Structure formats: structure tokens, C-alpha cells
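So the protein sequences, as listed, match chains A and B. Going by the numbering used here, the letters in the first sequence line up with residues 1 to 488, in that order. Going by the numbering used here, the letters in the second sequence line up with residues 1 to 634, in that order. Everything below concerns the one structure shown next.
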Amino acid sequence: MLSTALVFLPIAGALLTWLIPWASARAAGGFALLVALAQLGLWTVALGRMDFGSGALQEATETPWFEDLGVAYKVGLYDFSLWLVGLTAVVTVAAIAYGTWAGRERPRAYFGSLLFLAGATTGVFVAQDLLLFYVFFEAMLIPLYVLIGVWGGARRGAATLKFIVYTMAGSLLMLVSVIALGLGNGTFDLTELSASTNHWIFLGFMAAFAVKAPLWPFHGWLPDAYREAPAEVSALLSGVISKTAAYGILRIVLPTFPEPVDDWRVVVLVLASIGLVYGSLLAFRAPDVRGVVAYSSLGQMCLIVIGLFAFNDSGLTGAVLHMVSHGLVSAGLFLLAGAIERRTATDELALLGGMARGRPRLATLLITLSVIALAVPFSVAFAGEFLILNGIFAVGWGWAVVGAAAIVLAALYMLRLVSAVLHLGQGEAVNEVQLDLRPAEVAIVGTLAVVLVALSFWPAAITDRVFGGEPARAVETGFAGRGGEASP
Amino acid sequence: MDVAAWIALFSPAVGVAAITLLGHRITGAQAGILASGSVLVSFVASVVAFVTLAGRAEEDRSEVSTLWTWLSAGDLEVGLEVLVDPLSVFMMLVVSGVGFLILTYATGYMRGDAEERRYHAYKALFVFSMLLLVEGGNLLLLLAGWGMVGLSSYLLINFWHERPAAVAAGKKAFVMNAIGDATFVLALFVIVAQTGVLGFAPVFERAPEALGESTTLSVLVALGLLGGAVAKSAQIPLHTWLPDAMEGPTPVSALIHAATMVTAGVYLIARTAPLFELAPAIHDLAAILGGVTIVFAGLIALVQTDIKRVIAYSTMSQIGYMFLAAGLGAYGAGMFHLMTHAFFKALLFLAAGVVIHALAGEQDIRRMGGLGRELPWTTRFFVIGALALAAIPPFAGFFSKDAILASAANAGALGWILWTLGAIGAFLTALYTFRLVFVVFGPPITDFARDHLHRERFEGPLAMIWPVTVLALLSVVGGFLQVPGLWHLVDDWLHPVVESIEEAHGWVAWFSALVALGLALAGIALAWLLWGKRSDVPDRVRAGAPWLAAAPERKFWFDEAYDGLFAWPVRMVASGLGRFVERPLFLEPLGDLGTGMRGLSGRLGAVQTGGVRTYVLMLALGLAVLTVVFLAVS
């Protein structure tokens, strides 16, 4: 029941937000915020009830859907999916709170869409049926199209078009794979899929996930979408939606396609390594705040994919940890980018500068999030990167060397961002009248920062509580839990 | 005891959190008291840990205390833990003790600065990071402290963030250190892959078998660690960030240099000595880099004209001695010099801070002169520091430098080669140090100094005077911890952790000490002839052989080389990728005409929104059709 509630509470909230004629924008946003907080509350209940020792599926619900096809409505939580649901809930609360505070036109449609997006995303993380997974995966797109297409910036049209063309292409290939795999197996139940050696089905899934993550060179939609979407939608896109792709690789691709994964591993690692360096270099030259964060996200998602394809304890654990920490940090950075744009009406680095003077709260939060984003040792992001690179080192030391070089590049581009916004002389678009962060902004972004700092003192809060303590074995056995048989 | 260690570690962190959260509700002075108070707590706790440790039998003087698991993955488990043993307690005492003095000085020095609170928070963060580095109970936490120190130094260096030079220097320091972090982390990957653990004791226990002696693996591990050490301690070839770091306020320079950050590399080598000893070639390399840095930095210090930069290069050179010692296995001597250097170098920086302040921020020694009469107490303090730095007995630097040279004299052929470099260094040290003394403090007073001199700040705030006095005292008496032939308190204290090589005895020891002392005295005498008497020889040399001065003045072209080899290519590749790959292949297809053409593409985008709707509609229809088909089938 709990899994179902996690998905349908926000969706029901979305319907109510759309249907009830709320008196004011604040009321609609406030209601949406309450729903998001309720989802977060439900998640803490799930956290309390989770048995982290077992590694098995929990809180499962199953209702037959198309019985003769083996399709069912089946949802449930694994320990690692729980963390991603938590990430979704936290970032959704932050995004809706920020949107409410900032004020958006047509608030009912807007906040309803955000809630619907949260529900669909949660659905991806809890679905235990292939077709259901696909439905949720596609359902995320509908609110996203609208959110970017209607509330986006000046070039939202082009951005949305690209986003659609890319993701549709990936999705259609995945749909074919879903059907082929499900019919071939006689069931769409994710927990009962047997291993497949079919490279085409594997590639179909990978296409969708490579676009969504994105993986280089499938990222063409990313810079425009991240730049044109409203700040909180960008926060959700890079913080949460991108993680559904990594999750898909972890939940479906790795356990189901052991042979193709092995055969294609080098190709994926090469692309991901290129993407990591490429994204870092472009972040270093990006002319705007969002560009830096967007390309850095490209690099970090590639890093997560590297961790997944290391396919060992360290890499898998690091990938999950990094999904959570990158989700929080990039969401926080996009919200800050929004706060900067609200004040200066631009996020061109050339026009910014000197904002630290007289704005200690903005400076403190931007510096805190930036140094976590560049994975300063002792930060939770560092912990994740350490595990990922340590995992890939065991596969081949060359990959880890590339990754270590990317650590240096991350320092370059994040410090460039910090200096260009906060330091040196006042930029053209900056003046004394522009205020420091307001209490609401501090509360929203500050909460994300506090969570990140707390996790930095205790990353094991997550790493001790994934895959029932046996990462590689859990993935190989298709998450059968302790005592499960290795798949043939 | 472990409680004391935890209190020592977290007290400055609490200070940082308090200052950050209280914000405008406290004054700058209160923030200063919070910061230095929290470090005082650390110092007291360190003393408690020291006393407790000293009361135990030698073999019981090592304890790991774990709060909780910090990071885990499968079989790998890393605790949030501190290691309390003679080496870490030694470092804790130096870091928190000298740190407290510097923070107290800073409350006077920074009074009235508009951003005083932020400054004190950064300082406390620095001390926390440094304590994490020296107390961290495993290699990963050592690296964590390592990175945090780099972060705090970045924040401190570009504290005056409206100055372009300060911002650039901060970034340079951080990136240089990040390079060191990267090689460090690669070494850890090898260690994890081979031993499966990261705790000091288990790694050292398994390393001989898992890595082997002088194998590729053990060499890579040592090399990776050395890369980190060299970057952090500003040794050749990763030293270029340090002189630029002088852009920060003066107490920052003192803290970065003297007590703490740059000596971290020496601590790392001593701490991971068993790993270095598995790769003797790299161990020797550390000593050689140290020896070369001694002379290299000494030469540059000789021609610099910025008072803080001279002292900065002197720091590089002195850390060269510590690397030399640690690389040869004379850990006790290296740590001893680390401690005495902390005293007298902090003293020199703080005294130089007074000079700079008295001259309204001027740092160019060519405009200084004759300050001896105007700032008598500063002069006395500075001269004490200079005598200690030049290793004149009975000042502290004499004993520690002598210990290093005596150890080198007992370390075979390589030892003698390095001893020679060290002896040359002793001469250069005395020469450049007393160049400063004579130029800045010797008569006659310059016009600039007469016009700009103001003494409001000096001999005013007690908060600035007494830390300097304490440091001056320590610079005088600190050396007696280790007197050749009589007692070796530092070696004995560190003995349970690291076994130092024997120093030379008998006539070799006398020879080493006397030659070094003679060279130092000769250096002072030459400085007196050249600068004390205002001779025109330096100018004539400069005019006659410009290349001779140009090489050290341009710092042997390291900056230019790195710009050309790394910075420029990275910028070019990044820009090229953006222009020739990203834009034509990824941005422009599908309706975008490039990022520069916002207006035009905005209009084009509007035309295409119809397409968007169609796609959304198609998707919704597709889902609907699919559902209907499946329903019909079922």
C-alpha cells in the first residue's frame, strides 16, 4: 500500500490542484506544497519500516492487469530505490516551495504539473513491472513538455522540440524492447525476468537511458532544456529526472542483460569517460551560470554510469550515493541560479560579479554548494566519487585516471563559477539595490545544503543501507534478496 | 583520551558553525573571540591527550577511536575515526598551539575590517581541517582533511575577493592542490585494490605482502602519496601556488605557512613511512626534491622584493629541509624542524604584518628602510626570528637544522650530496634573511617610510603583542628539546610510531654543525657587506649580468611553462570543443541557431511550438492506443 500511496498521493494532489478553483496563486502553490510535504512524510514512514538487512523487495503490491500477457500493476521498494524516492520527495518540496515563493503564472496548471511529475517519477522508482515502468517513464514527459514549453524562457520552443525529439526516439526504442522482452519472457514482472542475451533489446533500453541521463553523445537536448526551463524545473530535471535513467540501468539493464553488458561495457565506459571530460571542459567555458551547472551535470551523470558499469560493490554503491548527492547539489545550484536571475535578470557570467559584497547568505550558500559539487574531500560528493572511481579502478586503472583528472577539471569550473558570480568587481547587471537571499530562499536552498553537510559527516547512512549489504551479488541475482539464487 | 581528541577536533567546527549561523547577531570582535576560543579549547584538549599519552607505557601509546562508519561498500569499511598516537598528538599540539596564537593575533589585526566575521570563521575552519588531517584515523580521512585544508586555504587566500590577484591566487592554490589530491586518491585506489582496507595499522601490516618491496605497485603508491605531499607542501615541481598565496591577509600567511598547511606533506611522509619504505627509490626522491627545493627557493628568495614573498620562498626552502629529513628516514629531525619552524616562521610573518600595517599596506622592501628606530619592538622580534631561521645558536632553528644535517651526514653517499645542498641552503638562508633585516630595519630611513609610517596599530592592541612575544620566546628556547649528544626528546617521543635513522656522531657531527654554522655566519656577514652597508655591488651585478638576476626573478619560468603546457591547452581545447563540436553537432541541429542568437532563435522557437503540441498529442494518443490494444487483447 505504501508504495502505491507514494506514487498516487502526488498524482491525486495534482488532480485536485488542477480541478479546484484555488482563490490565489499562493493557495494553489501552498496546497501543492502540502501534498509534497505529505509525500515526504510518507517516505519517512517507509524509511522507518524498511528492513535494510534483507535487500529484498518490500512494501510490494500486485494486482493483475492483463493477465494473459503477464502484465500486472506491481510496485514495491528496494532499499536503493527508497533513497531515490526520498531524493524525489525532497527536491519536489524544494521546487514547489521555490515556485510558490517566486510566483508563477497560471499556478494551478503549473503546480499540478509539478506534482504529477513527482508522482510519475516516484512511479519509475517503485514500478516492478516492465510495462508499468514504461508508462511512468513516459508519463514524466507530459508534464515536462508543458512545464518547459509554457513556462520556459525565450527560446523554450526550440528547447522543448529538441527535448521531445531526443526522448521520443529513445523511448520508442525502449518500448519495442519492453514488448519484446516481456512477450519473450511470458511475463512483464521485473522480479521474474530471466536473463537475456539479446543485444538489440539491450540496446533499446540503453538508448532510452542514454538520452535521458544523458550520456555523451546523446546530450544535445540538455543545454537548451536546462537553460530554458524555469529554475525549479531545471532543478528537478537535473536533480531527479536524470536519475531515472541511471536507475533504469541499475534496475533493468544490469541484472537482465549480463552478457550484453559485458560485451558493451568498454563502449559505454568510453562514451561515459568522454562525456565526463567533455562535460567538464564545456562547463569550464560555459558563458552562463546554468550552462556551467548543466554541463557539469552531464559530466556527473557520465560518472554515475561509469560507477554502474564498474559493476562491483564499490562502483554500484558509489553510483547510488552519487545519484542522491548530485541530485541534491544540482537542484540547489539551479535554484540559486534562479535566485540570481531574479535579481539581475541575467545569468551571463560576463555581466555578473561582486555579488558577495553585502550578500553573505547568497555567498555562503553558493560557495557551500559549489565546493560540494566539485567534490572537495570530506564532502558526500567526494565519498560517492571515491567509491565510483575506486570501483572502476578495479576494472582498469586507466578509467580511474581519467576520472581523477576530471576531479581537477571540476575544481576549475566550479571555482570559475564562484568567482564570476561572487567575486571581483561588480558586474554590469549587479547593483547595490539587489537584495541578499530572502528568508524563504535561505530556508529552501539552505535545507538542501544542510542535508548535504549532514550526509558529508555520514555518507554511510546511505552506503550501509543499499543492496542489503551485498551490492554486486544483489544486482547479479536480480535483487532477489538474501538467499536468492543467481540467475542462470 | 579519545574524548579529548574528539573535543580538539570538533571544537573549531562548532566555532565555524556558530559564527556562520549567528551572522549579524554578533560583532566581528565576538566572532574573533569565538574562533580563537574554540581553538584554545582544542589546544587544552590536545595537552590533555598529550599528558594522558605520556603517562602510558610506550607500546600502549596508540589508540583508534571510531564514532561511526563513515563510508562503506561491500567489504570496504571506513570509519569516522581518530588516531591518537605520539605523532598525531605532536601535530595537534603544534597546530592548535600556534594556531591559537595566530588566531588571537588576528583578532587584533583584522579589527574593524568590514568582513571580520567571515575571516574568523575561515580561520577556525582551517584549524578544523588541519586537525582532521593530523588526527584522521585512516588514509581516507587523512585525505578528507587534506582536501578541506585546501578548501580553507582557498577561502583565506581570496579573502579580499575584490582583488583580481587574490582571486586568481586562490584558484591557483586550489587547483594545484587538487592535482595533488588526485594523485593521492589514485594511490588509495591501489591500496584498496591490494589490501582491501584503509586504516593505517591494517594497511601497514598488509602492505609488505600485498604491495611488495620496490614493485610497480609499491612505487605507484609512494609516488601518488608523494604527489599529494609535494603539492601541499609547495615543493618542486608543484610549488608555484605558494608565493601567489601571499595575497591573503598576513595572519593567513602565517597560518598557511608556519604551523600548518605546508608542513602537511612532511606529516604525510612520516605517517605513511612504512609505505615509503617499501619504495626506497621514491623515498629518496622525496629527499632529493627537498634538497633541490632548498637551494632553488633560497635563490629566488634572494631577489624577491615583496617582504611576504621573501618569507614565503624561505618557507619553501625550509620545508625542503623537512622533506630531505623525512625522505632519508630522519623523521624525528624533520618533525623537530617542523615544530621550530612553526614558531619562528609564524613570528616572522606576524612581525612582517606589523611592518606592512605600519606602512599603510606597503609590501615592497625597496621602499622600506630605517624602521629599526621607528618600530623597536617589532625589530627585536623580527631579528629573533631571523636568527632562528638562519640557524644561529642558541636559537631554535640551529638545533633542528643541525639535527637534519647530522642525519644526512650519516646516510651514505646520497646523504652527503643532500648534506651539501643543505649546507648551501644554510648560507643562502642567512643571506636572504639578513638582507631583509638590513634593508627593512637598517638605516637610513627612506622617504616613503617617513611619509607613510603610522604606529597606531602596533604596540597598541595587546591581542597582537602577546602572541608575538610567546612565539619569540619559543623561537629562543624551543630548540633545547633536542640537543646533540645529550638528549633527543622529539625522537624519543615519536619513537613508538616512526624509527628515525641515527644521527652522525663524533667528529662528523662536529664537522657538520661547524661548517653549517660557519656558512650561516658567512651569509650574515655577506648580507651586512651588501645591504647593511648599502653597497652598490648588487646593482652592478644586475647591470653587468642581467640574466643572472632574471632567472630567479622570473622564478625560473615555472609559471610561464605551466601556462603554456597546461592552462593554455585546457582553455583552447575547451573553447574548441564548444565552437567546433558542441555547437555544430549538438546545439544547432533541430532548430537552434546557436547560443549567441537568443532573439532570433526565440522567434523561430515560437514558430515551432506547434510541433511541440503535436508531439505531446502523439505521445498521449500513442499511450492511449497502446492501452486500448492491450485491454482488447486481455
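Don't be surprised by glycine CBs; every beta carbon is placed ideally from N, CA and C. For clarity, every value in this text was computed on a predicted model and none was experimentally measured.
>> Using a 10 Å radius around the Cβ and a threshold of 16 neighbouring Cβ atoms, would you call residue 366 of chain B buried or exposed?
In response: Classified as exposed, residue 366 of chain B has fewer than 16 neighbouring CB atoms from the shown chains inside 10 Å of its CB.
> For residue 136 of chain B, which beta-bridge partners are listed by DSSP?
Replying inline: B:82
> From residue 310 of chain B to residue 457 of chain A, what distance separates their C-alpha atoms?
Replying inline: 39 Å
>> Judging by CA-CA distance, which residue of A:71, A:128, A:286 is the nearest neighbour of residue 575 of chain B?
In response: A:286
> By the criterion of Cβ-Cβ separation under 9 Å, what are the contact partners of residue 218 of chain B in chain A?
Replying inline: Neighbours of residue 218 of chain B on chain A: none; closest Cβ ~15 Å, over 9 Å.
> From residue 172 of chain A to residue 218 of chain B, what does the alpha carbon distance come to, in whole angstroms?
Replying inline: 51 Å
> If the cut is a Cβ gap below 8 Å, which residues of chain B does residue 317 of chain A touch?
Replying inline: 72, 73, 74
> Beta-carbon of residue 347 of chain A versus every beta-carbon of chain B: anything under 9 Å?
Replying inline: no
> With burial defined as no fewer than 16 other Cβ atoms inside 10 Å of the residue's Cβ, what is the status of residue 24 of chain B: buried or exposed?
Replying inline: exposed
> What is the DSSP secondary structure of residue 188 of chain A, reduced to helix, strand or coil?
Replying inline: coil
> Would residue 285 of chain A count as contacting chain B if we go by Cβ distances under 9 Å?
Replying inline: yes
> Hey, residue 144 of chain B and residue 377 of chain A are a contact pair by Cβ (cut 8 Å); roughly how many whole angstroms apart?
Replying inline: 5 Å
> What number of angstroms, rounded off, separates the C-alpha of residue 578 of chain B from the C-alpha of residue 67 of chain B?
Replying inline: Here the alpha carbon of residue 578 of chain B sits roughly 47 Å from the alpha carbon of residue 67 of chain B.
> Hey, residue 410 of chain A and residue 387 of chain A: beta-carbon distance below 9 Å or not?
Replying inline: no
>> At 3 residues or longer, what runs of the beta strand (DSSP E) sit wholly inside the stretch 19-60 of chain A?
In response: none
>> Quick check on residue 65 of chain A: does DSSP put it in helix, strand or coil?
In response: strand
>> Taking 9 Å as the threshold (beta carbon to beta carbon), is residue 636 of chain B in contact with chain A?
In response: Coverage of chain B is limited to positions 1 through 634, which leaves residue 636 of chain B absent and any answer about it impossible.
> Can residue 389 of chain A and residue 189 of chain B be called in contact, C-beta distance under 9 Å?
Replying inline: For residue 389 of chain A and residue 189 of chain B, yes; Cβs fall inside 9 Å.
> In the DSSP assignment, what are the bridge partners of residue 73 of chain A?
Replying inline: A:63
> With C-beta atoms as the reference, is residue 104 of chain A less than 9 Å away from residue 153 of chain A?
Replying inline: No. Outside cutoff.
>> Using 8 Å for Cβ pairs, my map puts residue 134 of chain A next to residue 178 of chain A. What's the rounded Cβ distance?
In response: In this structure, residue 134 of chain A and residue 178 of chain A form a Cβ contact; the two beta carbons are roughly 5 Å apart against a cut-off of 8 Å.
> Using a Cβ-Cβ distance under 9 Å, would residue 26 of chain B count as near chain A?
Replying inline: no
> For the stretch 414-426 of chain A, which residues have a beta carbon sitting closer than 8 Å to at least one beta carbon of chain B?
Replying inline: 415, 416, 419, 422, 423, 424, 425
>> Residues of chain A with CB closer than 8 Å to the CB of residue 161 of chain B, please, in chain order.
In response: 356, 419, 422, 423, 424
> Quick one: does residue 435 of chain A have its CB under 9 Å from some CB of chain B?
Replying inline: Not an interface residue.
> What number of angstroms, rounded off, separates the C-alpha of residue 305 of chain A from the C-alpha of residue 427 of chain B?
Replying inline: 56 Å
>> Is it the case that the stretch 436-454 of chain B contacts the stretch 82-100 of chain B, given that we only count it when at least three CB pairs across the two stretches are under 8 Å?
In response: no
> In three-state DSSP terms, what is residue 482 of chain B?
Replying inline: strand
>> Restricting to Cα atoms, I'd like to know which of B:81, B:165, B:33 is closest to residue 142 of chain B.
In response: Residue B:81 is the option with its Cα nearest to residue 142 of chain B.
>> Looking only at its chain, what residues have a beta carbon closer than 6 Å to the beta carbon of residue 125 of chain B, apart from the 5 residues adjacent to it on each side?
In response: 16, 152
>> Just verifying my parser: in three-state terms, what is the DSSP assignment at residue 129 of chain A?
In response: strand
>> Can you confirm whether residue 608 of chain B, when its beta carbon is compared against all beta carbons of chain A, has any partner nearer than 9 Å?
In response: At residue 608 of chain B, the pLDDT of 47 sits below 50, so the modelled position is not reliable and the matter cannot be decided from this model.
> Taking the runs of the beta strand (DSSP E) that are 3 residues or longer, which of them lie wholly in the stretch 399-465 of chain A?
Replying inline: none
> Taking the continuous beta strand (DSSP E) assigned at residue 375 of chain B, which residues delimit it?
Replying inline: No beta strand (DSSP E) holds residue 375 of chain B; DSSP gives it neither H nor E.
> For residue 62 of chain A, which residues in chain B fall below 8 Å Cβ to Cβ?
Replying inline: Result: empty, since nearest Cβ-Cβ is about 16 Å, beyond 8 Å.
>> For residue 62 of chain B and residue 96 of chain B, I'd like the C-alpha separation in whole angstroms.
In response: 20 Å
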